[in-house]
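Numbering (the UniProt record's numbering), first residue to last: 1 to 154.
We treat Cβ as the ideally placed atom computed from N, Cα and C, and that holds for glycine.
A short worksheet on the structure shown next.
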């Protein structure tokens with residue numbers, strides 16, 4: 001037991017998010033279009049983030065992608081073990097009835113890509129428009145893409 005409860009800690013973080021964020025979302029591509037194209041190809045789409053549920057839902061609303069995602073797992077969801085644990089990837093695949101060897105993890109951090117690798121997913125794809133770069137992501141990446149639109153090719 002630490003000095004505050006988990007509920008109080010979440011509340012403090014939620015209040016801090018607006019203070020730490022400029023309040024603007026600047027997508028690097030048209031996510032609605034990309035997600036619709038992937039769905040048309042028969043892909044199921046999920047989001048696994050360390051961000052809180054409230055912050056994630058707010059960003060999904062701003063970006064207009066909530067209805068295009070088949071599953072969303074957030075860092076403060078009950079029972080979550082954070083990335084790079086494979087648990088979230090395994091749970092998502094199970095809920096969506098997707099075999100692990102048919103799923104692809106797309107991420108911009110080592111934790112994202114390691115989660116995919118450790119879970120036994122078909123591939124871990126590093127997107128180079130986020131926080132990671134080729135050198136920091138190469139250990140767990142099967143592919144690199146300079147933009148999310150390249151996912152249509154993969």
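Of the candidates 68, 145, 96 and 93, the residue whose Cα lies closest to the Cα of residue 38 is 68. Nearest neighbour of residue 112 by Cα position, chosen from 98, 93, 88 and 96, turns out to be 88. Between the alpha carbons of residue 76 and residue 41 lies a gap of roughly 31 Å.
Here residue 123 carries a strand assignment [DSSP, helix/strand/coil].
Here the alpha carbons of residue 55 and residue 64 stand approximately 14 Å from one another. Closest in C-alpha terms to residue 147, from the list 86, 4, 70 and 29, comes 29.
Counting only the Cα atoms, residue 123 lies some 15 Å from residue 45. Taking the Cα of residue 7 as reference, the smallest distance to any Cα among 71, 59, 78 and 127 is reached at 78. Under the three-state reduction of DSSP output, residue 47 falls in the strand class.
Sixteen is the threshold: since fewer than 16 other Cβ atoms of the shown chains lie within 10 Å of the Cβ of residue 131, the residue is exposed. Going by C-alpha positions, residue 118 is about 12 Å away from residue 101. Fully contained in the segment 23-94 are the following beta strand (DSSP E) runs of length 3 or more, in chain order: 46-48 and 71-73.
Per DSSP, residue 4 lies in no beta strand (DSSP E) and is assigned neither H nor E.
Residue range 104-107 is occupied by the beta strand (DSSP E) that includes residue 107.
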